[in-house]
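Working notes for the structure below.
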Amino acid sequence: MREEEIEKLRGVVRDCVSKHLYSSAIFFADKVAAFTEDPADIYMQAQALFLGRHFRRAFHLLNASKIVLRDPRFRYLAAKCLEELKEWDQCLAMLGDAKVNEHGYVLDNKDHSGMYLDKDCEDREINIAAATCFLRGKAYEALENRTQARLWYKAAIKADPLCYEALECLIESHMLTCDEESSLLSSLQFGPEDGWLSSFYACLIKKYDKENIIEERFKELERESCNSKSSDPSFIRTLETNTDLLACKAEYYHQCGEYQKCFELTSVLLEKDPFHLKSTLVHLAAAMELGHSNELYLMACNLVKDYPQKALSWFAVGCYYYCIKKYDQSRRFFSKATTLDGTFAPAWIGYGNAYAAQEEGDQAMSAYRTGARLFPGCHLPTLYIGMEYMRTHSFKLAEQFFVQAKTICPSDPLVYNELGVVAYDMKEYNKAAWWFEKTLACVPSPLSEMWEPTVVNLAHSYRKLKVYREAIAYYEKALALSTRSLSTYAGLAYTYHLQDHFTAAITYYHKALWLKPDDQFCTEMLSIALMDECQNGMDPKADLRRSEVFV
């Protein structure tokens with residue numbers, strides 16, 4: 000057979016692969032390899048077998064070739080076959096015994112010095128070394144050696160910043176702390192044309208930076224444009240409506256406590272792309288916070304129907320039952336999600352929260368500890384362990400875990416809030432006030448209702464320190480965020496009472512009792528305030544305010 004006829008057959012194989020006709024591709028690739036015995040044609044045959052899911056046969060073909068240990072392409076594809084067969088130790092053995100240091104740099108890179116370029120392809124390609132490092136990471140993760148997996152994923156993204164899957168594994172499995180994520184991104188060597196990619200990666204990592212920094216990242220990406228017809232400005236396209244970018248923005252809104260804004264954005268995203276799973280997860284989280292049980296029920300039904308083998312589907316069912324306070328059922332489905340995917344962090348946290356909701360502390364702590372062990376870059380399990388110790392009044396232990404959570408994520412205002420609460424409970428009011436102020440300084444303005452308890456706690460701290468003017472100012476700020484807080488009205492009333500402003504105190508005790516008529520503290524203090532007012536006469540300041548109203 001002439002060379003031009005062989006080349007036509009190669010074209011047929013490539014066309015069959017592009018049309019997903021894998022049996023046809025295998026048939027013709029086998030004949031081409033038989034005619035030529037060229038290593039490139041043997042590799043093409045092995046690829047066709049791999050795509051047709053004939054993993055054993057593809058591995059045998061590659062392993063039988065004399066260059067499998069000399070050509071990184073052959074070695075990588077052979078290891079991919081072993082990955083699909085779940086033979087992880089053999090997969091690592093096939094990839095070789097290269098080492099990686101703690102910074103993610105490969106110490107022995109002799110097997111991966113080349114980059115394979117297809118004969119008919121001039122597209123930019125991902126370095127074969129990056130793909131090999133990523134596969135090593137997957138093998139180590141499957142063998143539950145998450146320390147080595149993390150190092151090899153870092154090596155993959157450093158070998159080639161286009162290896163997005165490595166970054167995705169690091170982020171979604173919470174393998175890196177906030178500082179480590181930022182340090183990794185700053186160490187990547189992007190090409191001059193990849194400025195947009197650097198900005199996009201910065202939006203994917205944890206978003207606890209200052210509000211203006213994060214907003215600027217989003218704006219910078221939204222301005223990124225491409226003109227498909229340089230002569231016609233109407234053909235300019237931007238990333239402003241890109242689903243992945245909007246999903247990152249929704250995550251940011253959720254993190255800031257703007258749950259309604261987050262829910263509205265994810266609702267729009269899911270109308271545009273109902274199967275975008277990252278948006279789905281954020282949508283479920285926002286619906287949970289807002290108590291939208293009907294939306295959770297519909298989402299759970301659709302996910303179980305479309306993705307019965309995904310942990311996300313059963314996590315959604317658990318969220319629904321948690322939302323309607325059926326914690327036993329929610330635990331069962333969170334547990335099922337962790338069984339399907341042990342690296343799905345939200346399921347472990349939900350599992351612990353379902354136990355904590357029924358004050359089953361030991362089981363909750365067990366789930367949180369598992370989460371802390373599996374996800375060293377996620378501070379939430381450690382934070383929840385601290386909260387459980389708070390519930391049992393083990394304040395020193397709680398503080399230790401809150402400090403540990405702060406080490407993992409130094410810029411989450413929720414951690415500062417909990418440090419303030421534990422300081423308050425230990426009667427360290429100056430320290431508590433400092434932490435609460437630091438919390439509010441880290442929260443994007445204007446404050447949402449989510450942070451009303453922090454404002455109230457700061458007011459309580461100032462009241463304990465006898466800085467009554469500041470306390471009253473923060474109580475009133477809390478009332479601007481929520482007018483249905485018993486603690487705020489009671490605290491404000493008691494602060495006025497301590498200053499002998501009995502009329503104002505009586506007014507706010509009444510408002511507190513309107514929210515909860517059987518509150519013992521407010522009932523007793525109202526009686527005392529009424530007696531104090533009778534003994535001391537009318538509050539002159541109150542009379543003055545009243546006369547101003549009538550004027």
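If you count by numbering that gives the first Met the number 0, then the sequence shown holds residues 0 to 550, one letter each, in order.
Backbone N, C-alpha and C fix where the C-beta goes; we use that ideal spot for every residue, glycine too.
Bear in mind that the values here come from a model prediction, so they are computed numbers and not experimental data.
Asked, Found
"CB contact flag (A504, A528, <8 Å)", "yes"
"Euclidean distance between Cα positions of V402 and M174", "19 Å"
"Environment of T438 [buried if 16+ CB atoms lie within 10 Å]", "buried"
"Test item: CB-CB of L464 and N429 under 8 Å", "yes"
"Between the CA atoms of S447 and I471 - distance to the nearest angstrom", "19 Å"
"Beta carbon of K30 nearer than 8 Å to that of G103", "no"
"Cβ shell of F189 (< 8 Å), same chain only, five flanking positions each side left out", "P160, L196 and S197"
"Of the residues E475, M524, L276 and L220, the one placed nearest V455, counting alpha carbons only", "E475"
"Cα-Cα separation between Q89 and V267, rounded to whole angstroms", "46 Å"
"M174 CB to nearest heavy atom of the ligand FAD below 7 Å", "Looking for the ligand FAD in the displayed structure turns up nothing, as the structure carries no ligands at all."
"Same chain, Cβ closer than 7 Å to A148, five either side skipped, listed in chain order", "G136, Y139 and E140"
"Residues of its chain near Q259, where Cβ-Cβ distance is below 7 Å and the 5 sequence neighbours each way are ignored", "L289"
"A246 versus L269, R236, G256 and F333, residue with shortest Cα-Cα distance", "L269"
"Whole-Å CB distance - G376 paired with E179, under 8 Å assumed", "7 Å"
"DSSP three-state assignment for R483, whether helix, strand or coil", "coil"
"Cβ neighbours of K7 in the same chain (closer than 8 Å, five flanking residues each side left out)", "none"
"Test item: CB-CB of S334 and Y350 under 8 Å", "yes"
"8 Å Cβ cutoff met for N100 and L106", "yes"
"Residue of K206, Y163 and C168 minimising C-alpha distance to L187", "Y163"
"Own chain residues within Cβ distance below 7 Å of K515, not counting five before or after", "L485"
"Ranges of the beta strand (DSSP E) found wholly within the stretch 331 to 383, counting only runs of at least 3", "none"
"Among P412, S481 and K510, the one whose alpha carbon lies nearest that of K206", "P412"
"Nearest-angstrom Cβ-Cβ length linking I41 and A32, presumed shorter than 8 Å", "5 Å"
"Simplified DSSP state of T237, which is helix, strand or coil", "strand"
"Under the three-state DSSP convention, the category R466 falls into", "First, the residue type needs correcting, since residue 466 is Val and not Arg in the sequence shown. Coil at V466, not helix or strand."
"Y488 beta carbon less than 8 Å from that of K510", "yes"
"Other residues of its chain near G27: CB distance less than 6 Å, five sequence neighbours each side excluded", "Sequence check: residue 27 is Phe here, not Gly. If we look at F27 and ignore the five residues flanking it on each side, its Cβ neighbours are L8, V11 and V12."
"With 16 other Cβ atoms within 10 Å as the buried cut-off, status of R216", "buried"
"Pairwise C-alpha distance: R145 and F314", "23 Å"
"Supposed contact pair L339 and Q308 - C-beta distance, whole angstroms, cut 8 Å", "7 Å"
"CA nearest to the CA of F374, picked from L68, E143 and S23", "E143"
"Cβ-Cβ separation, L220 to L238 (assumed contact under 8 Å), whole Å", "5 Å"
"Residue from I407, M389, K395 and G385 with nearest C-alpha to H378", "I407"
"Within 8 Å, strictly: CB atoms of P443 and C177", "no"
"Residue from L81, E263, H275 and M386 whose Cα sits closest to the Cα of A356", "M386"
"Span of the alpha helix (DSSP H), counted from its first residue to its last, around M530", "Q519 to N535"
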